[in-house]
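**Student:** What follows is a single structure, and I will ask about it in a moment.
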Amino acid sequence: MEVTLELGAELLVLTKCVVTMAAARKRLEGLIASGAALEKFREMVAAQGGNLDAPRPVAPAHEVASPRAGYVTAIDTEDIGIVIIELGGRAEEARRQARLVRWHRNAGPTWRSG
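Basically our numbering = 1-based index in the sequence shown + 232.
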């Protein structure tokens, strides 16, 4: 949230909507606290045919087993994005969906086959 407030405040100052960063931040915090920011976001989503209250689809889990023991030396995130798309994810959502992949191992640790 901190980054969002800083970037938003900078935009308000650069566009001369407010004079100072402190005033911009206070304005943004007020819009968030009042619910006005969420309501505007709902309007923007609805204008694109979306609905924030609609249930979100949950992709089925897929386990990928290693054929042999060894070390994870690298994780090819581009290939992972392609797999997500092949499993039914839309190309424009691949980045968001990639963040939802649950890693049981990171690069470095030893692991057994299977």
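Beta carbons are placed, not taken as given, at the ideal position from N, Cα and C, and that holds for glycine.
Mind checking who G262 pairs with in its DSSP beta bridge?
**Tutor:** For G262, no pairing in a beta bridge is given by DSSP.
**Student:** Let's test the definition: count the other Cβ atoms within 10 Å of the Cβ of A306 and tell me whether it reaches 16, buried, or not, exposed.
**Tutor:** exposed
**Student:** Would you kindly check if the distance between the Cβ of L260 and the Cβ of L246 is under 9 Å?
**Tutor:** no
**Student:** Measuring alpha carbon to alpha carbon, tell me which residue in A297, E295, V296, R274 is nearest A286.
**Tutor:** R274
**Student:** In whole angstroms, what separates the C-alpha of I264 from that of V290?
**Tutor:** 29 Å
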